[in-house]
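S.K.: Each residue of the sequence shown is one higher than the one before, starting from 1 at the first, in UniProt numbering.
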Amino acid sequence: MDKQTHSFQAEVKQILHLVTHSLYSNKEIFLRELVSNASDACDKLRFEALDHPQLFEDQPDLEVRVSFDEAARTVTISDNGIGMSAEEAIAHLGTIAKSGTREFMANLSGDQKKDANLIGQFGVGFYSGFIVADRITVETRRAGLPAEQGVRWSSEGTGDYEVETITKPGRGTDVILHLREGEEEFLKTWRLKSIISKYSDHISLPILMKKEEWDAEKATQVLKDEWEPVNKASALWARSKSEVTPEQYEEFYKQISYDSEAPLAYTHNRVEGRSEYTQLLYIPKKAPFDLWNRDKRGGVKLYVKRVFIMDDAEALMPVYLRFVKGVIDSADLPLNVSRELLQESRDVKAIREGSTKRVLGMLESLANSEDAAEKQKYAEFWKDFGQVLKEGIGEDHQNQERLAKLLRFASTHADEGVSLADYLGRAKEGQEAIYYITADSLSAAKNSPQLEIFRKKGIEVLLLTDRVDEWMLSHLYEFEGKPLQSVAKGAIDLGKLQDEDEKKKAEAAAEANKGLLDRLKASLKERAKDVRVSTRLVDSPACIVVEEGDMSGHLARLLKQAGQQAPTSLPTLEINAEHALVKKLDTSAHFDDLANVIFDQAVLAEGGSLEDPAAYVRRVNAMLLG
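Printed below as a string of structure tokens:
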């Protein structure tokens, strides 16, 4: 193929502009990204060679080499991995998935350190070379192709790139960076070594550089024609815990997660028994931007006997723990395991169960710690990840009890951080249930008329305002033998918390107002299933409740907002027989209007919306005018 000129995809131009103009304070990340790409290329070759061993050609030992040439002002990162054909070079180096680019640009914060970490996250790491280079040349040959089908790709990082055929005896890829003026610091052995040690020490392949020795005659360091490894070349997770420092654990986390912050917690274990594997799992400090995408694959990398198999092995971690990052290295799985086989493997099931328990154990340690700083860590975790953890109540029945203990809520006693155990510890003597209310917001929950009797008696009520709460409650029926009971469902029976006088008074009020109730039922027959005297109201004239087993108004609204059909069932109207507005009903000349106004106000107070707001306004105006 003669030399051809191609134009970059528009999205690549955006990335290149960003890289060359915005990330200059994090220049060294280019080496991290290019070494990581080289390592990935070797992993891919090793994986493909499981079925096609001839791809190793005459080079069975995989490695990455980093070199520089002071006279030519170049830094070269070479690997003998899978390499690229001409078509792959054009596809991989000239285009980026558009959706990834959009998300990449949308997530830029202006903080150069954090923005630099997004480079790897969105698969645009190669372009980081243009931070320090004004031209990049890539010479590559795909394993298995003849030497004459090598490819040279080159670009100055502006609008175009050139591709031509070359003869390349060795398979793999050489990335040659032609440094800009002022980037001479990267033409030093010690500088390149320090970057590799900082970011790439964990890579299990040897990263080689030419040996440097002192030349007494020239009174300077000179490069020998001898290569030596500059990284430990052993997988960090395969080392003993005593050999790894906290700093190394943190740096490894940043490398695999592209996070700029240290993790909240991590666990490193070797598990032996029916299934043998090593796990190194991290809980991030902050939620990633795509946390709510349940279709996103997990953040755990799968290795088998230290051979990289796949990124994002979702079968190793339940969906509700999709925020967990890390590595699992199995000693039992076959090297040619596929995503389909992972779903069916008994060994994978054992790894998944063991890893889930380990993550929940980390969270329990934080949540139950006597140390205030550790407790605060859990509070921060809950703020970012609590809604996702709630998904586990319905998805992971085996661990439901453990998860229930990790839940935190707002309540009428505290705006956040209330556990179910805390709630029961403060429960009134004789209290037979855990009371809760669901609402669209904390203020709507706090001010609901349905809480009035509970507030009067000092009974704590949990305030649930997350969208996932209704779904969670359809799976969580009790905690430590106490049922969870909505204050907005059914007739309130406070059992031992209601004295005999109150019960008699309620029965007498229902009897005394029988005629009024019948009139209200007739007036509201199209809108209310039933009308009864309330035992839960103190200050408000009325409230809307649904019967046990019916869908709550809050859930019906959520389904409607999601464009789904909610089952239609009429609510029950409860009236406060002692309220002046209710007492006025019997003598009102506008009985039907006032009945409908009271009903509409109860709907609004519950957080609902009126089907006919104009009719409500007309009725209120008519009564105001007399």
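Ideal placement from N, C-alpha and C gives every residue a C-beta, glycine not left out.
Looking only at DSSP bridge pairs, what is G129 linked to?
M.R.: Answer is none; G129 lacks a bridge partner.
S.K.: Whether or not the region 39-59 and the region 211-226 are in contact is what I'm after, with contact meaning three or more pairs of Cβ atoms, one per stretch, closer than 8 Å; do they touch?
M.R.: no
S.K.: Under the DSSP definition of a beta bridge, which residues are partnered with E574?
M.R.: R532, C543
S.K.: Three Cβ pairs or more, each shorter than 8 Å: is that satisfied between the region 593-611 and the region 536-548?
M.R.: yes
S.K.: What's the gap between the Cα of L145 and the Cα of V244?
M.R.: 41 Å
S.K.: What does the alpha-carbon distance come out to for the pair D134 and G172?
M.R.: Rounded to the nearest angstrom, the two C-alpha atoms are 23 Å apart.
S.K.: Which whole-angstrom value is the C-beta distance of Y436 and S486, which I expect to be below 8 Å?
M.R.: 6 Å
S.K.: Would you mind stating whether V151 and A86 have Cβ atoms separated by less than 7 Å?
M.R.: yes
S.K.: Just verifying my parser: in three-state terms, what is the DSSP assignment at M310?
M.R.: strand
S.K.: E185 to F308, Cα distance in whole Å?
M.R.: One C-alpha to the other measures close to 33 Å.
S.K.: Buried or exposed for N621, please, with buried defined as at least 16 other CB atoms from any protein chain shown within 10 angstroms of its CB.
M.R.: exposed
S.K.: Report the three-state DSSP secondary structure of A86 (helix, strand or coil).
M.R.: helix
S.K.: Give the single residue among A38, F599, T220, E164 whose Cα lies nearest to the Cα of H6.
M.R.: E164
S.K.: Consult DSSP for A287 and reduce its assignment to one of helix, strand or coil.
M.R.: coil
S.K.: Using the Cβ count rule (16 or more neighbours within 10 Å means buried), how would you classify S593?
M.R.: First, the residue type needs correcting, since residue 593 is Asp and not Ser in the sequence shown. With 16 or more other Cβ atoms within 10 Å, it is buried.
S.K.: Is it the case that the region 457-471 contacts the region 377-395, given that we only count it when at least three CB pairs across the two stretches are under 8 Å?
M.R.: yes
S.K.: Nearest-angstrom Cα distance between G81 and E48?
M.R.: Each residue's Cα considered, the two are about 11 Å apart.
S.K.: If I'm right that V597 touches R618 with Cβ under 8 Å, what's the distance once you round it to whole angstroms?
M.R.: Contact doesn't hold; Cβ gap of about 10 Å is too wide.
S.K.: Could you tell me which whole alpha helix (DSSP H) segments of length 4 or greater appear in the region 380-420?
M.R.: Taking only runs of at least 4 residues, the alpha helix (DSSP H) segments lying wholly in the region 380-420 are 392-395, 400-406.
S.K.: What would DSSP say about V244, mapped onto helix, strand or coil?
M.R.: Annotated three-state conformation of V244 is coil, per DSSP.
S.K.: Give me whichever residues DSSP pairs with Y282 in a beta bridge.
M.R.: Y266, K325
S.K.: Compare the beta carbon distance of P206 and E63 with 7 Å and say whether it is the shorter of the two.
M.R.: The answer is yes: Cβ separation under 7 Å.
S.K.: Express the C-alpha separation of W237 and Y266 in angstroms, rounding to a whole number.
M.R.: 12 Å
S.K.: For L555, collect the residues of the same chain with a Cβ closer than 6 Å to its Cβ; drop the 5 residues on either side in sequence, then sort them by chain order.
M.R.: E470
S.K.: Please confirm whether G129 and F30 have their CB atoms less than 7 Å apart.
M.R.: yes
S.K.: Do L179 and R73 have their C-beta atoms closer together than 7 Å?
M.R.: yes
S.K.: If you measure from the CB of R536, is any heavy atom of the ligand MN nearer than 6 Å?
M.R.: As for the ligand MN, it is missing from this structure, which has no ligand bound.
S.K.: Decide yes or no for the touch test of the region 268-285 against the region 331-340: beta carbon pairs closer than 8 Å, at least 3 of them.
M.R.: yes
S.K.: Can you pull the DSSP bridge partners for residue 654?
M.R.: Beyond the ends of the chain as shown, which are 1 and 626, falls residue 654; an answer cannot be given.
S.K.: Counting only runs that start and end within the region 20-86, where is the beta strand (DSSP E) found for 3 or more residues in a row?
M.R.: 64-69, 74-79
S.K.: Just verifying my parser: in three-state terms, what is the DSSP assignment at D347?
M.R.: helix
S.K.: Please report the straight-line C-alpha distance between T412 and V461, rounded to a whole angstrom.
M.R.: 6 Å
S.K.: Name the residue from S260, L424, I77 whose alpha carbon lies nearest to the alpha carbon of N26.
M.R.: The shortest Cα separation from N26 among S260, L424, I77 belongs to S260.
S.K.: Where S242 and S234 are concerned, what is the direct C-alpha to C-alpha distance, given to the nearest angstrom?
M.R.: 15 Å
S.K.: In the DSSP assignment, find the unbroken alpha helix (DSSP H) run with K198 in it and report its ends.
M.R.: 189-199
S.K.: Find out if the Cβ-Cβ distance for the pair Q450, R527 is shorter than 7 Å.
M.R.: no
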